[in-house]
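Residue numbers (our numbering), protein chains in the order written: chain A, 1 to 345; chain H, 1001 to 1169.
So, in structure tokens, the structure goes:
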């Protein structure tokens, strides 16, 4: 592969990942309303297009057409920077996720991953921790007490749950022995999914993923009954759309990360025994990964329309007094098991 | 333009960016802006780390400094609601003392760096900051000091909790 060819292939991959993230996030809004309608015995959106399938486009158009209001007293640059950071951080995480195996075309190998950096998991942690800025800056620049309170809630919640998330990942990394997402996905062939080896770590990671994406039951930053709208109270038009949209992209990306880390990524049991060709296997792998992702996106929605919101002290108690000790115990337990089975020398 | 040239220019641009944002931290009036400039400076330094092939240090720099410590700074500043109008005028003696102490710190840093052997960092080579090599150093060579430093952190945490308590029994 020439250098130019390499650049074109990577650019194409970035474009595809970006487009898929946006389209899936767009249709997640539709799916969310349909799931909510199903659970509450309603019909949900059904006016725009067949089955209401054009509803996300109509919503997007509405967002663009709305009047844009920037409060006089707020800091204009930071006010615009807030949603931009939120959107940026939710879009760049997809770069390290292996979306499938490798395609073999014309003697060249094309891995279906934008970049396989050797610290992939830490990259995700770093982007998550940067994501706090979007909310904090937006909430502060709005110059509104509800926004500020929402931003403070959001950032303290995200910082608290990042710790437990990191500790859950440490136990996983101890088991896998690598920080590269590509290797973690590749080693879960057949039924050797990490969920079997790290069930406790998975539950901690899942709960923290809910908290990091500000989804119910952890949606305190924007709880409308207490804070009007939380950190995006002052936002209107597409800037508000960016914040809401970033949440859906985050949901998609966290589902992808959960599927990759714990549910075998693009692997499915017994498929490797069918003796399929490499390319067909890779394409099938993408299908498997996306079916897992869609299940987790559905799971996010299922939980949202089932569980009530936590109270703030309950949230902090769960984070600091339950999840963090549990994850430390999980790290110690994993270490002990590895020592017993002779994987540490 | 070869790769070497590109790396050299990147290094210079990032260095300039880091110094400029560090200066802005000091010169800007609004404390929230100071913190945000400091975050920018950290990002520039992270870029330098990546140029030196130290990905682990680079990413930990973002996670720990930009992602955790600076968020806490921002937190405190937002809660205190420090604005440039309400900022109290500092005692001139305090300013004088601050200049002297930071000057002394500068002398110490320059002195210690002068004494260090003059290793030239070659861009994108070496790999001292890769996770395997760093783990080798931390968990083999300097295991005891590394673990002892964690006790230091624990002591600081316990101290902070004690100070935060309203009534100590």
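In this text, a Cβ means the ideal position worked out from N, Cα and C, and glycines have one as well.
Inspect the beta-carbon positions of residue i and residue j and report whether they are closer than 8 Å.
i	j	result
residue 81 of chain A	residue 124 of chain A	no
residue 289 of chain A	residue 99 of chain A	yes
residue 216 of chain A	residue 247 of chain A	no
residue 1071 of chain H	residue 28 of chain A	no
residue 205 of chain A	residue 165 of chain A	yes
residue 181 of chain A	residue 258 of chain A	no
residue 1130 of chain H	residue 1007 of chain H	no
residue 63 of chain A	residue 241 of chain A	yes
residue 1018 of chain H	residue 1044 of chain H	yes
residue 319 of chain A	residue 160 of chain A	yes
residue 167 of chain A	residue 328 of chain A	yes
residue 150 of chain A	residue 139 of chain A	yes
residue 86 of chain A	residue 157 of chain A	no
residue 1142 of chain H	residue 152 of chain A	no
residue 1180 of chain H	residue 1041 of chain H	Because chain H is modelled from 1001 through 1169, residue 1180 of chain H falls outside the range shown and cannot be assessed.
residue 114 of chain A	residue 13 of chain A	yes
residue 244 of chain A	residue 141 of chain A	no
residue 45 of chain A	residue 33 of chain A	yes
residue 334 of chain A	residue 272 of chain A	no
residue 1037 of chain H	residue 1046 of chain H	no
residue 237 of chain A	residue 76 of chain A	no
residue 269 of chain A	residue 191 of chain A	yes
residue 207 of chain A	residue 323 of chain A	yes
residue 228 of chain A	residue 179 of chain A	no
residue 134 of chain A	residue 253 of chain A	no
Taking only beta-carbon positions, decide if residue i is within less than 8 Å of chain A.
i	result
residue 1067 of chain H	yes
residue 1105 of chain H	no
residue 1078 of chain H	yes
residue 1075 of chain H	yes
residue 1055 of chain H	yes
residue 1059 of chain H	yes
residue 1071 of chain H	yes
residue 1131 of chain H	yes
Using a Cβ-Cβ distance cut-off of 8 Å, determine whether residue i contacts chain H.
i	result
residue 126 of chain A	yes
residue 135 of chain A	no
residue 279 of chain A	no
residue 147 of chain A	no
residue 114 of chain A	no
residue 179 of chain A	yes
What residues from chain A crowd round residue i, counting only those whose CB sits closer than 7 Å?
i	result
residue 1032 of chain H	140
Quick one: which chain A residues come within Cβ less than 8 Å of residue i?
i	result
residue 1063 of chain H	122, 125, 126 and 129
Which residues of chain H have a Cβ atom closer than 8 Å to the Cβ of residue i, listed in chain order?
i	result
residue 352 of chain A	For chain A, the structure presents residues 1 to 345; residue 352 of chain A sits outside this window and is missing.
residue 152 of chain A	1075, 1078 and 1079
residue 132 of chain A	1067 and 1071
Along chain H, in chain order, which residues have C-beta atoms closer than 7 Å to that of residue i?
i	result
residue 155 of chain A	1071 and 1075
Quick one: list the residues of chain H neighbouring residue i, beta-carbon separation under 9 Å, in chain order.
i	result
residue 159 of chain A	1067, 1068, 1071, 1072 and 1075
residue 14 of chain A	The contacting residues do not exist; residue 14 of chain A stays about 19 Å from chain H at best.
Minimum length 4: unbroken alpha helix (DSSP H) runs contained in the stretch 182–222 of chain A:
194–197 and 199–212
Ignoring anything shorter than 4 residues, give me the alpha helix (DSSP H) runs that lie fully in the stretch 1013–1060 of chain H, in order along the chain.
Counting whole runs of 4 or more residues, the stretch 1013–1060 of chain H contains the alpha helix (DSSP H) stretches 1031–1051 and 1055–1060.
Any residues in the stretch 59–93 of chain A with a beta carbon nearer than 9 Å to a beta carbon of chain H? Which ones, in chain order?
75, 78 and 81
Name the residues in the stretch 317–331 of chain A whose C-beta lies less than 7 Å from a C-beta of chain H; which are they?
none
Proximal residues, the stretch 278–299 of chain A versus chain H, C-beta separation under 9 Å:
Taking 9 Å as the Cβ-Cβ cut-off against chain H, none of the residues of the stretch 278–299 of chain A qualify.
Mind pulling the alpha helix (DSSP H) runs of 4 or more residues that sit fully within the stretch 18–84 of chain A?
55–65
Counting only runs that start and end within the stretch 104–172 of chain A, where is the beta strand (DSSP E) found for 3 or more residues in a row?
Annotation note: the stretch 104–172 of chain A contains the following uninterrupted beta strand (DSSP E) runs of length 3 or greater, listed N- to C-terminal: 108–111.
List in chain order: all unbroken alpha helix (DSSP H) runs of 4+ residues lying wholly within the stretch 220–263 of chain A.
224–227 and 237–262
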